[in-house]
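Everything on this sheet refers to the single structure shown next.
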Amino acid sequence: MLAPHPETWLCTRPEGLFCKPGDFFVDPVRPVPRAIITHGHSDHARPDHGAVLATRETLAIMRARMGEDRAGRVQQEIAYGEALEINGVRVTLRPAGHVLGSAQVVMDWKGSRAVVSGDYKRRPDPTCAPFEPVPCDVFVTEATFALPVFRHPDPAEEIGKLLRSVALFPERTHVIGCYALGKAQRLISLLRESGWDRPVPLHGALMKLCRLYEELGVSLGPLEPATVANKALFVGNIVLAPPSAIQDRWARRLAEPVPCLASGWMRVRQRARQGGVELPLVISDHADWDELLDTCAEVQAPEIWITHGREEALIHALAQRGQRGRALHLVGLGDEEIEDEPGGGE
Amino acid sequence: MSVKLFAALLESLVYTPSRNGKLRLLRDWFATAPDPDRGVGLAALAGELALKTAKPALVRDLVAARTDPALLALSHDYVGDFAETVALIWPERPGANQPPPGLAEVVELLELTSKADLPDLIASWLDVLDSSARFALIKLVTGGLRVGASARLAKTALADWSGTPLDDIEEVWHGVAPPYLAIFRWLEGKGPRPDPNGAPVFRPLMLAHPLEEKDFAALHAPDWRAEWKWDGIRVQVTSGPGGARLWSRGGEDVSASFPDLAPSLTFHAVLDGELLVVREGEVAPFSDLQQRLNRKAPGAKLQQQHPAMIRLYDILMDGEEDLRGLPFDARRARLEAWFARERPALMDVSPLIPFASMAELAAIRDGTRAASIEGLMLKRADSAYVPGRTKGLWWKWKRDPLTIDAVLMYAQRGHGKRSSFYSDFTFGLWRGEELVPVGKAYSGYTDEELLWLDRWIRNNTTARFGPVREVEKELVLEVAFDAAQRSGRHKSGVALRFPRIARIRRDKPASEADRLETLMATIPDGGA
Ligand SMILES: [Zn+2]
Ligand SMILES: [Zn+2]
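Going down the list, the protein sequences come from chains X and R.
Heads up, the first sequence is in UniProt numbering, so the first residue is 1 and it goes up one at a time.
Heads up, the second sequence is in UniProt numbering, so the first residue is 1 and it goes up one at a time.
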């Protein structure tokens with residue numbers, strides 16, 4: 001018998017991507033009875049589901065962000081590579097390389113396989129397990145940076161740019177706007193890799209998740225709350241804060257702050273200048289254009305479904321490579337590279 | 001590495017809003033860039049890099065041959081700027097491991113390479129550069145380089161870095177061509193001071209301080225001379241056997257914008273005066289002059305409709321004789337004698353205003369309402385021509401500003417130190433039942449007032465557009481300004497010269513703010 005095409009058993013509903021035989025959703029945007037969550041970013045991990053299946057780290061992150069009671073009535077951990085049968089659908093999670101605990105959801109049903117990647121990147125990141133390509137019939141991908149102008153530079157070079165600026169302005173504070181989950185911890189570990197060993201002052205909104213990363217085994221070196229009482233610590237230092245804080249009243253405690261922003265969008269000048277950023281750092285936790293195409297090729301899927309982002313260019317480029325692209329137009333999946341998570345991580 | 005280093009400098013200059021920050025970046029460039037790239041970069045910053053440029057179509061063709069047209073179009077749509085799109089989308093070639101070109105090498109090869117070979121040359125550079133260097137290179141070779149620093153700022157950084165007074169640098173600057181090796185050798189103590197060699201050079205100007213109440217009380221009428229303060233542009237006229245130039249007050253060569261004045265520059269002297277647009281003996285508003293300044297090569301029509309002239313008020317050199325050491329009265333006598341002798345076309349001498357007492361002078365100042373006169377200049381009769389702003393020698397005594405009570409409409413965040421504050425204010429006046437914006441002010445308030453305004457704006461925001469907040473139309477600001485001018489570019493039809501916040505009028509309801517007609521009435525000939 002011919003294996004059923006994934007479109008016969010995987011579909012989109014207003015709540016999100018739904019696996020019919022398994023009777024569960026992946027990253028649904030509203031409360032559902034059963035959900036598999038790829039990672040802890042708030043556009044993927046929403047509160048108040050019935051049963052939640054995710055990695056140990058993602059569940060811990062969800063509890064930290066939304067509270068024990070809202071991170072799923074029943075929470076089930078599953079390790080990378082461990083298999084689970086759900087109503088005849090074999091479910092496995094594989095690392096996505098995006099943030100700590102992030103996973104791709106591999107679903108096998110009657111000899112047909114679909115992989116939902118969630119958000120992912122291909123660059124080495126010491127704060128999470130690297131992406132593992134899984135051959136499949138349908139690969140469900142994001143397309144945040146799906147234009148050929150987005151080619152992320154080597155993050156070590158971007159950190160070099162930051163450290164040169166710190167050396168040139170030793171009396172000022174470099175304050176980097178970054179997302180509380182993933183980006184903050186990656187930046188700290190990139191700084192540590194480059195030899196930066198000073199205590200890193202953190203905005204209150206970032207502290208909780210950094211502490212959680214440490215509990216989950218990712219060491220970040222000395223961290224300090226960036227409180228007014230800690231003012232002496234700011235001179236010549238690098239401080240991390242959510243993007244909305246770096247130019248707001250909060251930043252007045254810093255020493256002549258140099259506002260920096262770490263995001264893949266910083267590659268485009270207009271985007272960087274809009275926000276009054278003085279030092280753009282092109283550091284992203286998403287795949288860039290080349291990585292999106294390479295990944296689609298590696299998983300060998302004849303069909304690529306695109307959840308969110310700039311699908312038009314990607315579909316065009318995939319067609320030239322003999323892969324059929326299809327836009328799912330899932331609503332509610334966003335762009336955590338710039339936006340602050342509402343109520344995130346306080 | 002130098003194109004990359006220079007591109008990094010340009011990028012930092014664009015993103016760094018503060019003057020001090022820019023100066024730091026420039027000093028670092030002078031300290032670390034190798035010769036001759038250092039000087040080529042300086043020439044590019046100072047707008048003095050004469051470069052054979054390529055047509056934008058060349059770059060368009062190069063990128064079209066290397067990318068998919070649909071992807072290029074989508075990318076261009078997203079990025080906006082075409083040069084930036086090319087810089088970002090250019091396919092990287094990991095195999096191309098020849099070293100990136102130096103800045104001087106780029107300039108030299110552009111000059112030497114034939115038109116037919118130019119595309120391959122430029123493509124070979126783009127292959128080995130990173131995206132920010134590609135962007136700088138494309139802008140450089142297509143002649144669209146925008147620099148986030150003025151020539152003056154670059155020279156100021158040069159002075160800071162070398163510990164040499166800026167005036168000394170200005171004196172030799174125009175005698176040395178890029179890449180200024182002789183200047184760098186001199187500044188680093190490795191060579192003699194370059195000899196300007198008869199070339200027209202800019203001599204730093206003598207500048208005035210604003211006269212304040214307390215200074216005025218100390219003035220003794222017989223020691224002072226008075227002139228009108230014209231609302232034009234300060235220029236230095238340098239003419240001699242080595243050529244003729246018009247310099248702006250910052251030492252920028254503005255001769256090209258005023259070809260109509262060139263035939264008058266046949267003498268051998270250095271003069272100080274005011275550039276004005278004058279029609280039938282009447283000085284036109286400043287905005288008319290601005291139209292001339294904005295054009296690097298003005299057409300015949302513009303020259304005819306906006307005729308320029310120079311009103312002289314000082315003489316620095318008569319032939320080879322340096323007069324700067326003479327007292328003002330002696331220089332004035334020399335200026336008048338020189339003018340009687342030379343009678344240059346399109347020039348006249350700014351008259352001295354006779355007065356017997358300071359009180360009489362104050363009355364004269366209060367009486368001036370002509371748009372072309374900003375107030376008075378007071379010059380010490382016995383003072384030499386001293387470059388820079390030495391206090392107590394020259395005073396500018398502006399007439400009192402005009403004020404309006406306007407309503408705050410929008411606020412925007414400032415830059416640099418002020419970036420966490422809403423410090424740029426758009427205000428408006430009533431026209432019928434509606435408020436129309438008439439201007440923007442960024443200054444005039446105290447630190448405490450700024451804190452108060454910032455808080456008020458955050459608490460009274462009605463809408464947000466990017467960095468701009470629209471606020472409740474409730475707060476009245478007293479705005480001081482020097483003059484109002486008619487303007488086709490503003491919805492209100494009027495533009496203000498030098499608006500600043502004079503006071504916050506918390507006492508005044510918005511409905512009692514001024515009407516647009518009141519402002520129009522301050523424009524000479526009624527603003528009709
Ligand atoms: Zn994510
Ligand atoms: Zn996402």
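C-beta atoms are modelled at their ideal positions from N, C-alpha and C, and glycine is treated no differently.
Asked, Found
"Any contact between the segment 318-331 of chain X and the segment 153-171 of chain X? By contact I mean 3 or more CB pairs, one from each, below 8 Å.", "no"
"Contact check, R:Leu-516 vs R:Arg-431 under 8 Å by CB: the rounded distance?", "4 Å"
"Would you check whether ligand 2 has a heavy atom nearer than 8 Å to the C-beta of X:Glu-142?", "yes"
"Locate the alpha helix (DSSP H) running through R:Trp-452, then write down its first and last residues.", "447-459"
"So, are the CB atoms of R:Leu-271 and R:Asp-329 less than 9 Å apart?", "no"
"Show which residues of chain R have a CB atom less than 9 Å away from the CB atom of X:Gln-274.", "Gly-466, Pro-467"
"Expressed to the nearest angstrom, what Euclidean distance is found between the alpha-carbon atoms of X:Glu-346 and X:Leu-53?", "Residue placement at X:Glu-346 cannot be trusted, given a pLDDT of 21 that sits under 50; what the coordinates show is reported in the next sentence. Cα to Cα, X:Glu-346 sits roughly 24 Å from X:Leu-53."
"Output the distance between the C-alpha atoms of X:His-203 and X:Phe-169, rounded to the nearest integer angstrom.", "21 Å"
"Which residue spans inside the segment 3-60 of chain X form an unbroken beta strand (DSSP E) run of at least 3?", "10-13, 16-19, 24-26, 34-36, 51-54"
"Does the contact criterion of 3 or more C-beta pairs under 8 Å hold for the segment 76-94 of chain R versus the segment 121-141 of chain R?", "yes"
"I'd like to confirm the pairing. Which residues does DSSP put opposite R:Met-309 in its beta bridges?", "R:Leu-276"
"How far does the alpha helix (DSSP H) with R:Glu-336 in it reach, from first residue to last?", "328-342"
"What do you reckon, is the C-beta of X:Asp-119 under 8 Å from a heavy atom of ligand 1?", "yes"
"On a Cα-Cα basis, can you pick out the residue from R:Met-377, R:Glu-434, R:Arg-365 that is closest to R:Ala-406?", "R:Glu-434"
"Suppose you measure from the CA of X:Asp-340 to the CA of R:Lys-396; what does that come to, to the nearest Å?", "Because X:Asp-340 carries a pLDDT of 38, less than 50, the predicted location of this residue cannot be relied on, and no value is offered for it."
"Considering Cα atoms alone, identify which of R:Ser-2, R:Val-479, R:Leu-323, R:Ala-217 is closest to R:Phe-498.", "R:Val-479"
"Indicate whether X:Pro-14 and X:Asp-23 have their beta-carbon atoms separated by less than 9 Å.", "no"
"What are the partner residues of R:Phe-30, as DSSP defines its beta bridges?", "Per DSSP, none; premise fails for R:Phe-30."
"Can you have a look at R:Lys-190 and say buried or exposed, based on whether 16 or more other CB atoms are within 10 angstroms of its CB?", "exposed"
"Apart from the five residues on each side of it in sequence, which residues of its chain come closer than 8 Å, Cβ to Cβ, to R:Pro-344?", "Ser-264, Leu-265, Thr-266, Phe-267"
"Give a yes or no on whether the minimum CB-CB distance between R:Pro-17 and chain X is below 9 Å.", "yes"
"Using the Cβ count rule (16 or more neighbours within 10 Å means buried), how would you classify X:Cys-19?", "buried"
"Could I get the ranges of all uninterrupted beta strand (DSSP E) runs contained in the segment 266-313 of chain X, with 3 residues as the minimum, in chain order?", "279-281, 303-309"
"If you reduce the DSSP assignment to three classes, tell me which class X:Asp-340 lands in.", "Any reading at X:Asp-340 must be qualified, since the residue scores a pLDDT of 38, below 50, and its modelled position is unreliable; no value is offered."
"With DSSP as the reference, identify every bridge partner of R:Tyr-410, one or two as the case may be.", "R:Thr-426, R:Glu-470"
"Using C-beta distances below 7 Å, list every residue in its chain close to R:Ile-373, excluding the 5 sequence neighbours before and after it, in chain order.", "Trp-228, Lys-229, Trp-230, Asp-231"
"Just by C-beta distance, which residues in the segment 294-313 of chain X are closer than 7 Å to chain R?", "Glu-312, Ala-313"
"If the criterion is Cβ atoms closer than 9 Å, does the pair R:Ile-310 and R:Val-235 meet it?", "yes"
"For a contact meaning CB atoms closer than 7 Å, what does X:Pro-225 contact in chain R?", "Simply none; closest approach about 20 Å."
"Which residues, taken in chain order from the segment 76-103 of chain R, show a beta carbon closer than 8 Å to some beta carbon of chain X?", "Tyr-78, Val-79, Gly-80, Asp-81, Glu-84, Thr-85, Leu-88, Ile-89, Glu-92"
"Determine the contact status of X:Leu-100 and X:Ile-37, defining contact as a CB-CB distance below 9 Å.", "no"
"Could you give the distance in angstroms between the alpha-carbon of R:Ser-255 and the alpha-carbon of R:Leu-246?", "5 Å"
"CA-CA distance, X:Thr-127 and X:Val-218?", "6 Å"
"From the DSSP output, which residues share a beta bridge with R:Gln-236?", "R:Trp-247, R:Asp-272"
"Comparing the C-beta of R:Lys-440 with each C-beta of chain X, is any distance below 9 Å?", "no"
"What residues match up with X:Pro-124 in a beta bridge as DSSP calls it?", "Partner(s): none; X:Pro-124 has no beta bridge."
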